Amino acid sequence: MSSSSKEPEASDGLKTFGAVLKSFRKRAAVTQEELAVEVGCSSHFLASIEQGRRFPPPAFVDRCEASLDAFGTLRLAANQLTRKRGLAKWFQQWAEMEQEAIALYTYECRVIPGLLQTPAYARTVFANRLPPLSDEQIGEKLTARMERQRLLVERPNTAYSFILEEHLFLRHAGGHDVTMELIDHVLALAEHRNIEVQILPLARESHAGLDGPMQLLETPDNKWFAYSEGQRSGQLISDPKEISILQMRYAKMRAQALSFEDSVSLLERMRGA
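Positions 439 to 711 (the numbering used here) are the ones given, in order, by the sequence shown.
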């Protein structure tokens, strides 16, 4: 997975929460590795939270609270936190849910999904925003996006499915070199056992996703949610009837898209392999 050399800036609130968590972990005489196993996360994820570089998901806080017998202190500290800069307000709740998901499905027809973007491609996306973003704003958004991508390596048991329109690669956003790097990046991610990428070809008479992009996720307690994003807003969907419809459409698109093997082959041909 592509990574950024710049770590996200830790806020005072996140640093404080991390210090409190570390203090209770030390009090309990457990290592990061031992606590990570106990609460069901990676030791790298736990270390990032203790260092104030990650936002602690609510379920993570609850598990740490129970495991460390923290007298409600961790929940109280977590309640004082505000989401770090760089993520749109309407996306923040979904981003938190992503950190706990056991399955995450994404169909996109406008732009390569954030979880699959390279830094150069993401910078191109942000540079094309209107009204224009400042260099500082672009930097904040880029840092948040690269940080979010850690999900792909920190949650190897989460099943990721991406259905992408072929034209997203043919657009050559950012230029030829940016696109070639992007294709290499997606091909590398597709080598992970838990990441499936499928391409919907340009010529396809039937298409179940004509109403636009969608995301679906399954929580650890096997509940499903969906997310739909527009120009400057996003909608979290919890109605089982609506989710059932979106699941039906996503399943149909999986059948309409090229198989995983054929999708990889198409990307390799685009790359010139």
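Ideal Cβ placement from N, Cα and C applies to all residues, glycine included. These numbers come from a predicted model, not from an experiment.
Give me the Cα-Cα distance between residue 516 and residue 709, rounded to the nearest whole angstrom.
-> Reading the sequence shown from its first residue, position 78 is the one you call residue 516. Reading the sequence shown from its first residue, position 271 is the one you call residue 709. CA-CA distance, residue 516 to residue 709, rounds to 45 Å.
Count the other CB atoms within 10 Å of the CB of residue 652; is the residue buried (16 or more) or exposed (fewer)?
-> Here the question's residue 652 lines up with position 214 in the sequence shown. Per the 10 Å Cβ criterion, buried.
Pairing CB atoms from the stretch 488 to 502 with CB atoms from the stretch 450 to 466, are three or more of them under 8 Å?
-> Yes: the two stretches touch, three or more of their Cβ pairs being nearer than 8 Å.
Pull up the distance between the alpha-carbon of residue 443 and that of residue 561, whole angstroms please.
-> Taking the sequence shown and counting its residues from 1, the one referred to as residue 443 is at position 5. Taking the sequence shown and counting its residues from 1, the one referred to as residue 561 is at position 123. Only weak support is given to the placement of residue 443: the predicted model assigns it a pLDDT of 34, under 50, and the value that follows is read from those uncertain coordinates. Each residue's CA atom was taken as its position, placing residue 443 and residue 561 some 15 Å apart.
Ends of the alpha helix (DSSP H) at residue 582?
-> Mapped onto the sequence shown, residue 582 falls at position 144. Taken as a continuous stretch (DSSP letters only), the alpha helix (DSSP H) holding residue 582 covers 573 to 586.
At what residues does the alpha helix (DSSP H) containing residue 671 begin and finish?
-> For this step, residue 671 is matched to residue 233 along the sequence shown. Premise fails: residue 671 is in no alpha helix (DSSP H) and is neither H nor E.
How should residue 441 be labelled, buried or exposed, when 16 other C-beta atoms within 10 angstroms of its C-beta is the threshold for buried?
-> Translated into the one-based positions of the sequence shown, residue 441 becomes position 3. Any reading at residue 441 needs caution, since the residue's pLDDT is 36, under 50, leaving its predicted position unreliable; the model's value is listed next. Exposed is the label assigned to residue 441, since fewer than 16 other Cβ atoms lie within 10 Å of its Cβ.
Closest by CA to residue 462, which one among 505, 452, 666?
-> The count along the sequence shown starts at 1 and reaches residue 462 at position 24. Of all alpha-carbon atoms in 505, 452, 666, the one lying nearest the alpha-carbon of residue 462 is that of 505.
At least one CB of chain D closer than 8 Å to the CB of residue 700: is that the case?
-> Any reference to chain D falls outside this structure, which holds one protein chain only.
CA nearest to the CA of residue 480, picked from 466, 465, 464, 498 | Along the sequence shown, one-based indexing puts residue 480 at 42. Its Cα nearest to that of residue 480, the residue 498 stands out among 466, 465, 464, 498.
Residues bridged to residue 653 [DSSP beta-bridge criterion] | Working through the sequence shown from its first residue, we reach residue 653 at position 215. Per DSSP, 544, 665.
Taking the alpha-carbon positions, what's the residue 559 to residue 471 distance?
-> Translated into positions along the sequence shown, residue 559 becomes position 121. Translated into positions along the sequence shown, residue 471 becomes position 33. Approximately 35 Å between the Cα atoms of the pair.
Which of helix, strand or coil DSSP assigns to residue 560 | Locating residue 560 in the sequence shown gives position 122, counting from the first residue. Residue 560 falls in the helix class under three-state DSSP.
Apart from the five residues just before and just after residue 667, which ones in its own chain have a Cβ nearer than 7 Å to its Cβ?
-> By 1-based counting over the sequence shown, the position of residue 667 is 229. Only 651 meet the Cβ criterion.
Beta carbon of residue 537, beta carbon of residue 590: below 8 Å?
-> Reading the sequence shown from its first residue, position 99 is the one you call residue 537. Reading the sequence shown from its first residue, position 152 is the one you call residue 590. Cβ atoms of residue 537 and residue 590: not closer than 8 Å.
Same chain, Cβ closer than 7 Å to residue 476, five either side skipped, listed in chain order | Taking the sequence shown and counting its residues from 1, one reaches residue 476 at position 38. 505, listed in sequence order.
Assuming residue 554 and residue 627 form a contact by the criterion Cβ under 8 Å, report the distance between their Cβ atoms to the nearest whole angstrom.
-> Taking the sequence shown and counting its residues from 1, one reaches residue 554 at position 116. Taking the sequence shown and counting its residues from 1, one reaches residue 627 at position 189. 6 Å between Cβ atoms; contact.
Is the CB-CB distance between residue 543 and residue 638 below 8 Å?
-> To locate residue 543, count along the sequence shown from 1; it is residue 105. To locate residue 638, count along the sequence shown from 1; it is residue 200. No, the pair does not count as a contact, with Cβ atoms beyond the cut-off.
If you draw a straight line from the C-alpha of residue 574 to the C-alpha of residue 583, how long is it?
-> Looking up residue 574 in the sequence shown gives position 136. Looking up residue 583 in the sequence shown gives position 145. Straight through space, the alpha carbons of residue 583 and residue 574 are spaced by roughly 14 Å.
Residue 597 - containing beta strand (DSSP E), residue span = Taking the first residue of the sequence shown as 1, we reach residue 597 at position 159. Residue 597 -> beta strand (DSSP E) spans 597 to 603.
Do you know how far the Cα of residue 697 is from the Cα of residue 636?
-> Here the question's residue 636 lines up with position 198 in the sequence shown. Here the question's residue 697 lines up with position 259 in the sequence shown. Roughly 6 Å between the two C-alpha positions.
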